[in-house]
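A.B. asks: If you use full-length UniProt numbering, the sequence shown corresponds to residues 1 to 461, in order.
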Amino acid sequence: MAIDRKMFVLGLDCAAPQLLFEQWKEELPHFASLMDGGLYGPMRSCDPPITVPAWSVMTTGLDPGELGVYGFHNRASHNYFDLFVANGSHIRAPRIWDILSEAGKQSIVIGVPQTFPVKALRGYLVAGLLARGGDNFTWPAGLKQTLLKYVPDYRADIEDFRHLSPDRLLRALYTMTAARFKWAERMMKYYPWDFFMLVEIGLDRIHHAFWHYMAEESPYHQKESPYKHAIRKYYLFLDKGLGRLLQNLPEHCDVMVVSDHGAKTMKGLMRINQWLINEGYLVLKTVPDSPQRLTASMVDWTKTKVWADGGYYARIYFNVWGREPEGIVPSSSVTALKAELREKLALLALNGDNGANGRVIDPGESYREQKGIAPDLMLYVGELSYRASASVGGKENIFTLENDTGPDGANHDFEGVCILKGQGIAPGKLRGGTIYDVAPTILARLGQAADEGMKGRVLGT
Ligand SMILES: [Zn+2]
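1. Are there three or more Cβ pairs, one per stretch, closer than 8 Å when the segment 109–116 is compared with the segment 47–63?
2. Would you mind giving the Cβ-Cβ distance between Leu34 and Val255, rounded to the nearest angstrom? I have them listed as a contact below 8 Å.
3. Under DSSP, the alpha helix (DSSP H) around Pro64 begins and ends at which residues?
4. The alpha helix (DSSP H) spanning Trp301 covers which residue range?
5. Which residue or residues does DSSP assign as beta-bridge partners of Val329?
6. Please look up how many angstroms separate the CB atoms of Asp413 and Ala15, rounded, as I've assumed it's under 8 Å.
7. Since Leu446 and Met7 should fall inside the 8 Å C-beta cutoff, what is the C-beta to C-beta distance between them, to a whole number of angstroms?
8. Considering only the beta carbon of each residue, do Arg271 and Asn354 sit closer than 8 Å?
9. Taking Leu173 as the reference, which of Ala141, Asp194 and Phe237 has the closest Cα?
10. Quick one: does the C-beta of His221 sit closer than 7 Å to a heavy atom of ligand 1?
11. Return the Cβ separation of Val126 and Leu147 in integer angstroms, given the expectation that the two are a contact with Cβ distance under 8 Å.
12. Which two residues bound the contiguous beta strand (DSSP E) that contains Ser389?
13. Note the first and the last residue of the continuous beta strand (DSSP E) segment covering His412.
14. Could you compute how far the alpha carbon of Gly71 sits from the alpha carbon of Arg342?
15. Once DSSP output is grouped into helix, strand and coil, what is the label at Lys344?
16. Indicate whether the contact test is met: 3 or more Cβ pairs, each with one atom in the segment 265–280 and one in the segment 234–254, closer than 8 Å.
17. Considering only the beta carbon of each residue, do Val360 and Leu379 sit closer than 8 Å?
18. Per DSSP, Gly355 is paired with what?
19. What does the alpha-carbon distance come out to for the pair Leu282 and Thr295?
20. Could you compute how far the alpha carbon of Asp408 sits from the alpha carbon of Arg387?
21. Would the segment 240–253 and the segment 289–309 be scored as touching if the rule is three or more Cβ pairs under 8 Å?
22. Using the rule of at least 16 other Cβ atoms within 10 Å of the residue's Cβ for burial, across every protein chain shown, is His163 buried or exposed?
23. In chain order, what are the residue ranges of uninterrupted alpha helix (DSSP H) at least 4 long that sit wholly in the segment 77–143?
24. DSSP three-state call for Leu148: helix, strand or coil?
25. Between the Cα of Leu28 and those of Lys338, Gly241, Ser89 and Ile91, spot the shortest distance and give me the residue it belongs to.
26. Looking only at its chain, what residues have a beta carbon closer than 8 Å to the beta carbon of Tyr367, apart from the 5 residues adjacent to it on each side?
27. Would you report the Cα separation of Ile3 and His252, rounded to the nearest angstrom?
28. Compute the beta-carbon to beta-carbon distance between Thr175 and Asp153, rounded to the nearest angstrom, for a pair I have assumed lies under 8 Å.
29. Whose CA, out of Gln292, Gln274 and Ser107, lies closest to the CA of Arg122?
30. Kindly indicate the opening and closing residues of the alpha helix (DSSP H) around Val438.
31. So if DSSP puts Lys429 in a beta bridge, which residue, or which two residues, is it bridged to?
32. Could you tell me the distance, in whole angstroms, from the CA atom of Phe318 to the CA atom of Asp36?
33. Using CA atoms only, rank isn't needed, just tell me which of Gly11, Ala32, Gln18 and Asn74 is closest to Gln370.
34. Who are the Cβ neighbours of Phe399 in its own chain at under 7 Å, not counting the five residues just before and after it?
35. By alpha-carbon positions, which one of Arg232, Ser218 and Met214 ends up nearest to Ser225?
36. Out of curiosity, what's the CA-to-CA distance linking Leu384 and Tyr312?
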């Protein structure tokens with residue numbers, strides 16, 4: 001008789017291969033045991049390597065263009081700054097657990113980004129970020145009462161984490177993660193499941209807020225800080241949590257550890273809109289005396305060809321005639337304008353750093369389809385060593401250390417982590433793994449055919 005296999009996936013938002021696999025492996029016995037007994041290595045995220053859309057890419061096997069989600073903020077229309085925040089309702093493609101539900105298998109899903117508002121599945125779901133305590137954040141709805149009785153401190157995320165004091169943020173992080181793991185342990189033991197996926201967002205939050213205390217090369221580094229080991233200690237805490245979960249695993253259960261992207265030291269920011277102004281692509285009605293985030297009302301659209309949005313990477317938009325309300329770029333010039341920007345940005349020099357060139361990604365080339373409204377171009381500065389700031393005004397400087405979205409010591413990196421341990425999987429180094437491989441691999445291990453549209457491959461075969 002065929003054995004019904006199960007799969008447990010621990011998702012660690014932002015887990016960095018250089019820390020988990022190299023720097024701290026010896027101190028993380030439970031992660032190390034999975035690595036030594038399984039297949040592991042860096043895993044290339046999607047473009048852009050950002051929480052939203054990366055977890056949805058991972059759990060559907062589709063690219064951001066096919067999902068129509070290009071980041072947290074997406075254009076709702078071509079009316080300039082008309083943006084919406086992408087939540088679970090914007091993911092219409094079936095996720096791993098939807099496919100498993102169809103096949104009659106039970107899933108438990110906890111904390112996966114873009115699962116709020118909740119949708120029905122065969123099993124149980126506790127939504128990830130954007131879910132607030134007052135919301136109905138579980139499936140079935142009644143699960144919320146049981147959860148809050150057992151772990152009253154439960155929360156999906158820490159809002160506004162960049163603006164909390166380090167001590168308050170640390171307390172909140174440990175409380176949040178302890179509650180999530182305690183609840184996961186309970187569900188693992190007492191609720192039926194074939195597929196169990198738990199995502200912890202806390203690692204991303206601690207990376208962004210504490211990286212510069214650890215990284216001596218950071219321009220924000222403070223020597224002799226009491227927070228120097230904050231990130232390392234949190235990894236040790238996660239390892240203990242993983243250990244308790246592993247103890248409770250049923251027989252014939254595969255284990256995966258994955259992250260949606262990695263992390264690296266942020267060296268500063270590029271003021272993309274100020275660069276567009278200096279190069280004559282963006283024209284303001286009046287230039288603010290001190291740096292301010294660009295807003296639609298500042299812009300003289302009748303003279304503007306290009307504007308941008310900041311963040312971990314820059315989204316670049318063209319003011320196209322007949323498409324944007326006051327568009328001036330003829331659609332016949334779009335290709336040439338893209339090439340011109342690509343060329344100029346490739347030569348970008350920031351703060352005397354030779355590695356600070358800009359790399360432009362064209363969604364039209366990178367994705368198999370473009371649903372919704374994709375940016376015209378996306379920009380990585382210094383291979384993500386720099387963030388993009390949306391600020392304009394003040395001096396005409398392009399480089400800045402001032403973050404327009406709040407303090408941050410880390411930027412995302414292209415490679416996250418992947419560990420896969422299961423019967424018949426030869427231990428060793430995973431090479432060339434991508435985020436697109438996760439869904440087909442999980443489905444294959446659970447005896448399901450991958451969806452035809454998924455572009456990844458099955459790992460471990
Ligand atoms: Zn993330």
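Cβ coordinates follow ideal geometry from the N, Cα and C atoms, glycine included.
C.D. replies: Here's the rundown:
1. The segment 109–116 vs the segment 47–63: in contact.
2. Sequence index remark: in the sequence shown, residue 34 carries index 34 (1-based). Sequence index remark: in the sequence shown, residue 255 carries index 255 (1-based). Right, their Cβ atoms sit about 6 Å apart.
3. The residue labelled residue 64 in the question sits at position 64 within the sequence shown. DSSP places Pro64 inside the alpha helix (DSSP H), whose first and last residues are Pro64 to Leu67.
4. Taking the sequence shown and counting its residues from 1, one reaches residue 301 at position 301. Secondary structure note for Trp301: it is in no alpha helix (DSSP H), with a DSSP letter that is neither H nor E.
5. Indexing the sequence shown from 1 puts residue 329 at position 329. According to DSSP, which records beta bridges pairwise, Val329 is partnered with Val320.
6. Here residue 413 is taken as the residue at index 413 of the sequence shown, counted from 1. Here residue 15 is taken as the residue at index 15 of the sequence shown, counted from 1. Contact doesn't hold; Cβ gap of about 11 Å is too wide.
7. What you label residue 446 is simply residue 446 of the sequence shown in a count that begins at 1. What you label residue 7 is simply residue 7 of the sequence shown in a count that begins at 1. About 6 Å; that satisfies the 8 Å criterion.
8. Taking the first residue of the sequence shown as 1, we reach residue 271 at position 271. Taking the first residue of the sequence shown as 1, we reach residue 354 at position 354. No, these two residues do not count as a Cβ contact at 8 Å.
9. Your numbering for residue 173 matches position 173 in the sequence shown. Of the candidates Ala141, Asp194 and Phe237, the one whose C-alpha sits nearest the C-alpha of Leu173 is Phe237.
10. In the sequence shown, the residue the question calls residue 221 occupies position 221. No, Cβ of His221 sits at least 7 Å from all heavy atoms of ligand 1.
11. In the sequence shown, residue 126 corresponds to position 126, counting from 1. In the sequence shown, residue 147 corresponds to position 147, counting from 1. 7 Å between Cβ atoms; contact.
12. For the purposes of this step, residue 389 is taken as residue 389 along the sequence shown, with counting starting at 1. Unbroken beta strand (DSSP E) run through Ser389: Tyr386 to Ser389.
13. On the sequence shown, residue 412 is found 412 positions in, with the first residue counted as 1. Ala410 to Asp413 is the extent of the beta strand (DSSP E) around His412.
14. As a working mapping, residue 71 is identified with position 71 in the sequence shown. As a working mapping, residue 342 is identified with position 342 in the sequence shown. Using only the alpha carbons, I get a separation of about 21 Å.
15. Within the sequence shown, the letter at position 344 stands for residue 344. Lys344: helix per DSSP, three-state reduction.
16. Output reads no: the segment 234–254 does not touch the segment 265–280.
17. Taking the first residue of the sequence shown as position 1, residue 360 is located at position 360. Taking the first residue of the sequence shown as position 1, residue 379 is located at position 379. Yes, Cβ-Cβ distance for Val360 and Leu379 is below 8 Å.
18. Numbered from its first residue, the sequence shown carries residue 355 at position 355. For Gly355, which the question treats as bridged, DSSP gives no partner whatsoever.
19. If you number the sequence shown from 1, residue 282 lands on position 282. If you number the sequence shown from 1, residue 295 lands on position 295. Distance between the alpha carbons of Leu282 and Thr295 is about 12 Å.
20. Within the sequence shown, the letter at position 408 stands for residue 408. Within the sequence shown, the letter at position 387 stands for residue 387. Distance from the CA atom of Asp408 to the CA atom of Arg387, rounded to whole angstroms, is 10 Å.
21. Judged by Cβ distances under 8 Å, the segment 240–253 makes no contact with the segment 289–309, as fewer than three pairs qualify.
22. Translated into the one-based positions of the sequence shown, residue 163 becomes position 163. Under this definition His163 is an exposed residue.
23. As far as the segment 77–143 is concerned, its whole alpha helix (DSSP H) runs of at least 4 residues are 96–102.
24. Within the sequence shown, residue 148 is the residue found at index 148, counting from 1. DSSP places Leu148 within a helical segment (H, G or I) once states are collapsed to three.
25. Taking the first residue of the sequence shown as position 1, residue 28 is located at position 28. Cα-wise, what sits closest to Leu28 is Gly241.
26. Position 367 of the sequence shown, counted from the first residue, corresponds to residue 367. So the qualifying residues of the chain are Asp63, Pro64, Gly65, Glu66 and Ala374.
27. Locating residue 3 in the sequence shown gives position 3, counting from the first residue. Locating residue 252 in the sequence shown gives position 252, counting from the first residue. When rounded, the distance between both Cα atoms is 8 Å.
28. Taking the first residue of the sequence shown as position 1, residue 175 is located at position 175. Taking the first residue of the sequence shown as position 1, residue 153 is located at position 153. Contact between Thr175 and Asp153 holds, with the beta-carbon distance rounding to 5 Å and staying under 8 Å.
29. Within the sequence shown, the letter at position 122 stands for residue 122. Here the closest residue by C-alpha is Ser107.
30. Indexing the sequence shown from 1 puts residue 438 at position 438. Residues Val438 to Arg445.
31. The count along the sequence shown starts at 1 and reaches residue 429 at position 429. Tyr40.
32. In the sequence shown, counting from the first residue as 1, residue 318 sits at position 318. In the sequence shown, counting from the first residue as 1, residue 36 sits at position 36. So the alpha carbons of these two residues sit roughly 49 Å apart.
33. Residue numbering aside, residue 370 sits at position 370 when the sequence shown is read from its first letter. Ranked by Cα distance from Gln370, the first of Gly11, Ala32, Gln18 and Asn74 is Asn74.
34. Counting from one through the sequence shown, the residue named residue 399 turns up at place 399. Within the same chain, Phe399 has close Cβ partners Gly268, Met270, Leu350 and Asn351.
35. If you number the sequence shown from 1, residue 225 lands on position 225. Ser225 has its Cα closest to that of Met214, out of Arg232, Ser218 and Met214.
36. As a position in the sequence shown, residue 384 is number 384, starting the count at 1. As a position in the sequence shown, residue 312 is number 312, starting the count at 1. Put simply, the backbone Cα of Leu384 is about 7 Å away from that of Tyr312.
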